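Engineer: There's a structure below that I have some questions on.
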Amino acid sequence: MELRNRMVMSPMTTAYCNDDQTPSERLIRYFEERARGGVGLITTELITVDEEHRYMHRSMTLAHDRYIDDHRRLTERVHEHGAKIQPQLSHTGPESVAPMFGGAQPLGPSVNVAPVWGWASRPLDIAELPAIAAQYGEAARRAREAGYDGIELHAAHCYNLLGSFLSPLRNKRTDEYSAFRAETRTRLITEVLAQIRSRAGEDFPVTLSISGYERTPGGRALDDTQRLAPELVAAGVDCFRVSGGISDSLVTMMVGRSEYGDAHNVAQAEALKHVVDVPVMLVGRIHDPEVGERILAEGKADLIAMARPLLADPYLPDKVVGGRAQRIRRCISCENCIDSMQTRDDLGCAVNPFSGREGSLQVSAGRRRVVVVGAGPAGLEAARLAAQGGHSVVLLERQRWLGGALLLAATVHGDNARFLDWLVAEVRRLGVDIRLGQEATAESVRALQPDEVIVASGARVTTPDIPGVEQAQVLTGALLRQVAAGALHDDERWRLGSWQRALVSHLVPALQPWLTPARLQRLSRLWLPLGREVLIVGADLAAVELAEFLARRGRRVHLLDSATKIAPEVGKKRRGEHMDRLDALRVTVNTGVSISRIERRAVAIQAGGRERLVYGDSILVAGTPLADTALADALAAAGLPVRAIGDCTGLGLIAGATADAAQAVAAIGVATGAADAPAEAAAL
């Protein structure tokens, strides 16, 4: 297989396919957009070799010849744009959702309990294994007939059938398929490869996805993977895609969190390079093209695979090849793509609302005058999209900085700065008329003679009515936002002394153009207006990220909230990661408690019918962000054509902000996307 470059799209579940397990038009457009963006090779999401043992309610299969034509539509569309494509073939094994459809019990090497679904697999009898190997062979034959350029076998992460047989964590057998003996651990994969070669041909490329190091006690170590890799090459593997970790425990770095750093699997790929003479592909949080280039130049891998970066920017490969890497919309590792599988039942991207919606929004260029009020993530994205569509855009921001709440979010969660920097650079590149320090009123907006007004003025933060919250020493989320904005409101200004109010009113506005997330992070390590022991009343996402931020700066932090779980705005994956971090940082979490009152240096909480005091040097009441459409309503009442987006309509985080912006601009006939495709392609 010859590729146009060394960039590969790695598999990522989308749930975009049809209920009958065939590729949908939505899925085809999704892959077509990545092919158009210049990637060398696309590996699809998991495609099953057994029709009954689905991977999820909407997943694909190549279990029968009747599916070939549907897959041919996909491969032809991808090939039109110069990319190669291969399916990731797998028997789901313990991860089968067959019981969900009233089907058979999942299958495994031993009795294995799938962590997601909770049902146990049935150990396979030796007599059943040849038929399963034949299923792989037939699926590979169909893949070739459908026009795929090769296949990938999933044997990583102690997951699905092959990965489960290969790992001693799941394979407890003592027969000739045992994972504990060198001569038996690869037997099933070897038999699968023999069937593939027999039915699909000796010249059909086969990539094997494998965990170099399972990062779990009792799991496969890196040196063990080095020993088995040559056996697999001899059996017919043409390329390895090297990952790490296991699926049963997401803390094993299977999916790269923000704190892992780029290319955390590079040592595993390099180790395999030393023992095999076939290409080695590396995957695992390679978000910076310069990191990928360095890995290739140093000979640590032959190909660079990525998934999330190509959700964020399908045109990443073309921008790299064309010397425009600075224009790449970077993945921020927010986990929205994974959590969206739970919250909305399919794959979504926070920074790219067009991902998975290619074709559902059409490019409509125009020459209208668009005024955007507010330069947070929603306002910046709306201004960018409108300007990209050819419209004349004026962006009004009452502060002397761009970013709104995203600037503060980028300070406590550094990866957010990637998106903020990109948005700011793009609106400037596109010639948006940016007017900082300008308050929007009906008169000032009308004077601009807009055809459309998009209001992204942000939320208002309310302070809960807790006895004692009125004490001057109590800080509130609303006050902190006002201090950062350099504009105190009457409901909070009394908490500060006269000299503090003067600083906020005069010094903060003067410093705003100079304050970036990186500078704020550095300053916060030198000084913070908080004691050593900090009590935070509230446990939403903002409070949790603030707790982590303060704990990293030497504060002893306590979270107190009546809610039963932290960060309810996000899904299980990201929430679990926050719980791990809070634990590692020794943040005390008290959820499901009643907040009775606030004293001078303590908060009284009730749990189990008993009251106790939690003591601290500083008390911060986070508050609740609420919709605030007052400005939008006032502009609409003045007869202006208004659309309200972002947090002023209700908290939506970055994903909600960008989605609102795209929908608002689409409604005035401006949106871009695959919908971005023609405009992006023209700009490359």
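As numbered in our numbering, the sequence shown has no gaps in its residue numbers, which increase by one up to the final residue, 1911.
Glycine is no exception: its CB is placed at the ideal position from the N, C-alpha and C atoms.
What you are looking at is a predicted structure, and each value in this text was computed from that prediction instead of being measured.
Can you pull the DSSP bridge partners for P1350?
Structural biologist: Within the sequence shown, residue 1350 is the residue found at index 123, counting from 1. Answer is G1335, bridged to P1350.
Engineer: Determine whether the beta carbon atoms of S1438 and G1471 lie at a separation below 9 Å.
Structural biologist: Locating residue 1438 in the sequence shown gives position 211, counting from the first residue. Locating residue 1471 in the sequence shown gives position 244, counting from the first residue. Yes, Cβ-Cβ distance for S1438 and G1471 is below 9 Å.
Engineer: With DSSP as the reference, label M1228 as helix, strand or coil.
Structural biologist: Taking the first residue of the sequence shown as position 1, residue 1228 is located at position 1. If DSSP states are grouped into helix, strand and coil, M1228 belongs with coil.
Engineer: How big is the Cα-Cα spacing for T1417 and E1403?
Structural biologist: Position 190 of the sequence shown, counting from 1, holds the residue named residue 1417. Position 176 of the sequence shown, counting from 1, holds the residue named residue 1403. Between the alpha carbons of T1417 and E1403 lies a distance of about 13 Å.
Engineer: Have a look at S1323, A1358, L1356 and flag the residue whose alpha-carbon is nearest the alpha-carbon of A1341.
Structural biologist: Locating residue 1341 in the sequence shown gives position 114, counting from the first residue. Of the residues S1323, A1358, L1356, the one whose Cα lies closest to the Cα of A1341 is S1323.
Engineer: Classify D1450: buried if its beta carbon has 16 or more other beta carbons within 10 angstroms, exposed otherwise.
Structural biologist: Numbered from its first residue, the sequence shown carries residue 1450 at position 223. With fewer than 16 other Cβ atoms within 10 Å, it is exposed.
Engineer: Of the choices V1797, D1540, S1474, T1743, whose alpha-carbon is the least far from that of T1443?
Structural biologist: Residue mapping note: residue 1443 aligns to position 216 of the sequence shown, counting from 1. Here the closest residue by C-alpha is S1474.
Engineer: So what does H1172 bridge to, in DSSP terms?
Structural biologist: Any question about residue 1172 goes unanswered here, given that the chain covers just 1228 to 1911.
Engineer: Given this structure, state the Cα-to-Cα distance separating T1703 from A1849, to the nearest angstrom.
Structural biologist: By one-based count along the sequence shown, residue 1703 stands at place 476. By one-based count along the sequence shown, residue 1849 stands at place 622. Cα-Cα distance, rounded: 6 Å.
Engineer: For T1885, count neighbouring C-beta atoms within 10 Å of its own C-beta (all shown protein chains included) and say buried if the count is 16 or more, exposed if not.
Structural biologist: The count along the sequence shown starts at 1 and reaches residue 1885 at position 658. Label assigned to T1885: buried.
Engineer: Can you give the Cα-Cα distance for T1743 and L1634, rounded to whole angstroms?
Structural biologist: Numbered from 1 along the sequence shown, position 516 holds the residue referred to as residue 1743. Numbered from 1 along the sequence shown, position 407 holds the residue referred to as residue 1634. Going from the Cα of T1743 to the Cα of L1634 covers about 7 Å.
Engineer: Helix, strand or coil for T1479? Go by DSSP, reduced to three states.
Structural biologist: Taking the sequence shown and counting its residues from 1, one reaches residue 1479 at position 252. Low local confidence applies: a pLDDT of 44 at T1479 is under 50, so the model's placement there is unreliable, with the coordinate-based value given in what follows. When DSSP states are grouped into helix, strand and coil, T1479 belongs to the helix group.
Engineer: Any contact of the segment 1861 to 1878 with the segment 1668 to 1686, i.e. 3+ C-beta pairs under 8 Å?
Structural biologist: By the criterion of at least three beta-carbon pairs nearer than 8 Å, the segment 1861 to 1878 is in contact with the segment 1668 to 1686.
Engineer: What are the complete beta strand (DSSP E) segments, minimum 3 residues, inside the segment 1770 to 1795?
Structural biologist: 1783 to 1787
Engineer: Spatial neighbours of R1720 within its chain, please: C-beta separation below 7 Å, excluding the five flanking residues on both sides.
Structural biologist: Indexing the sequence shown from 1 puts residue 1720 at position 493. So the list reads R1728, once near-sequence residues are dropped.
Engineer: Within 10 angstroms of the Cβ of A1864, are there 16 or more other Cβ atoms? Answer buried if so, exposed if not.
Structural biologist: Residue mapping note: residue 1864 aligns to position 637 of the sequence shown, counting from 1. It is exposed - the Cβ of A1864 has fewer than 16 other Cβ atoms within 10 Å.
Engineer: Any idea if A1737 is buried or exposed, counting beta-carbon neighbours within 10 angstroms, 16 or more meaning buried?
Structural biologist: Taking the sequence shown and counting its residues from 1, the one referred to as residue 1737 is at position 510. Exposed.
Engineer: Suppose you measure from the CA of A1605 to the CA of R1813; what does that come to, to the nearest Å?
Structural biologist: Locating residue 1605 in the sequence shown gives position 378, counting from the first residue. Locating residue 1813 in the sequence shown gives position 586, counting from the first residue. Going by the C-alpha atoms only, they are around 34 Å apart.
Engineer: Output the distance between the C-alpha atoms of R1846 and L1762, rounded to the nearest integer angstrom.
Structural biologist: Position 619 of the sequence shown holds residue 1846. Position 535 of the sequence shown holds residue 1762. Reading the sequence as shown, one finds Ile at residue 1846 and not Arg. Near 5 Å, if we compare the C-alpha coordinates of L1762 and I1846.
Engineer: Grouping DSSP H, G and I as helix and E and B as strand, with all else coil, what is L1675?
Structural biologist: Indexing the sequence shown from 1 puts residue 1675 at position 448. Residue state, collapsed to three classes: coil.
Engineer: Is A1769 near A1636, with beta carbons less than 9 Å apart?
Structural biologist: Your numbering for residue 1769 matches position 542 in the sequence shown. Your numbering for residue 1636 matches position 409 in the sequence shown. Taking 9 Å as the Cβ cut-off, A1769 and A1636 qualify as a contacting pair.
Engineer: Counting only the same chain and skipping the five closest in sequence on each side, list residues whose C-beta sits under 6 Å from that of A1778.
Structural biologist: If you number the sequence shown from 1, residue 1778 lands on position 551. Closer than 6 Å at Cβ, skipping near neighbours: V1784, L1812, V1814.
Engineer: Could you pull out every residue in the same chain whose Cβ sits closer than 7 Å to the Cβ of V1478, ignoring the five residues on either side in sequence?
Structural biologist: Taking the sequence shown and counting its residues from 1, one reaches residue 1478 at position 251. With a pLDDT of 48 at V1478, under the threshold of 50, the modelled position of this residue cannot be trusted, and the question is left open.
Engineer: Roughly how many angstroms lie between the CA atoms of A1632 and T1851, to the nearest whole one?
Structural biologist: Indexing the sequence shown from 1 puts residue 1632 at position 405. Indexing the sequence shown from 1 puts residue 1851 at position 624. If I take the Cα positions, the gap works out to 14 Å.
Engineer: Mind checking whether I1255 and R1285 have CB atoms under 9 Å apart?
Structural biologist: One-based indexing of the sequence shown puts residue 1255 at position 28. One-based indexing of the sequence shown puts residue 1285 at position 58. Against a cut-off of 9 Å, the Cβ pair of R1285 and I1255 comes out as no contact.
Engineer: Are the beta-carbon atoms belonging to E1307 and C1385 less than 9 Å from one another?
Structural biologist: Start at 1 with the first residue of the sequence shown, and residue 1307 comes out as number 80. Start at 1 with the first residue of the sequence shown, and residue 1385 comes out as number 158. No, Cβ-Cβ distance for E1307 and C1385 is not below 9 Å.
Engineer: How would you call I1353, buried or exposed, if buried means at least 16 neighbouring beta carbons within 10 angstroms?
Structural biologist: In the sequence shown, residue 1353 corresponds to position 126, counting from 1. Answer is exposed; the Cβ neighbour count stays below 16.
Engineer: Apply the 10 Å Cβ neighbour rule to V1338 and answer buried if 16 or more other Cβ atoms are within range, or exposed otherwise.
Structural biologist: For the purposes of this step, residue 1338 is identified with residue 111 of the sequence shown, where counting begins at 1. Flag for V1338 reads exposed.
Engineer: On the three-pair Cβ rule with 8 Å, is the segment 1270 to 1277 touching the segment 1231 to 1238?
Structural biologist: yes
Engineer: Can you find the residues in the same chain that come closer than 6 Å, C-beta to C-beta, to P1536, ignoring five residues on each side of it along the sequence?
Structural biologist: Locating residue 1536 in the sequence shown gives position 309, counting from the first residue. Excluding sequence neighbours, P1536 sits near H1514, L1543, C1558.
Engineer: Taking DSSP's pairing of strands, which residues face E1624 in a bridge?
Structural biologist: For the purposes of this step, residue 1624 is taken as residue 397 along the sequence shown, with counting starting at 1. E1624 pairs with L1663.
Engineer: By Cβ distance below 6 Å, which residues in the same chain neighbour L1623 in space, the five residues on each side in sequence not counted?
Structural biologist: By one-based count along the sequence shown, residue 1623 stands at place 396. The residues are V1600, R1662, Q1665, A1667.
Engineer: Given a cut-off of 9 Å, decide if S1725 and A1714 are closer than it, judged by their beta-carbon atoms.
Structural biologist: For the purposes of this step, residue 1714 is taken as residue 487 along the sequence shown, with counting starting at 1. For the purposes of this step, residue 1725 is taken as residue 498 along the sequence shown, with counting starting at 1. At the C-beta level, A1714 and S1725 stay beyond 9 Å of one another.
Engineer: Please state whether DSSP places E1838 in a helix, a strand or coil.
Structural biologist: Position 611 of the sequence shown, counting from 1, holds the residue named residue 1838. In this structure, E1838 counts as strand in the three-state DSSP scheme.
Engineer: Determine the DSSP secondary structure at R1468, reduced to helix, strand or coil.
Structural biologist: The residue given as residue 1468 occupies position 241 in the sequence shown. Reduced to three states, the DSSP call for R1468 is strand.
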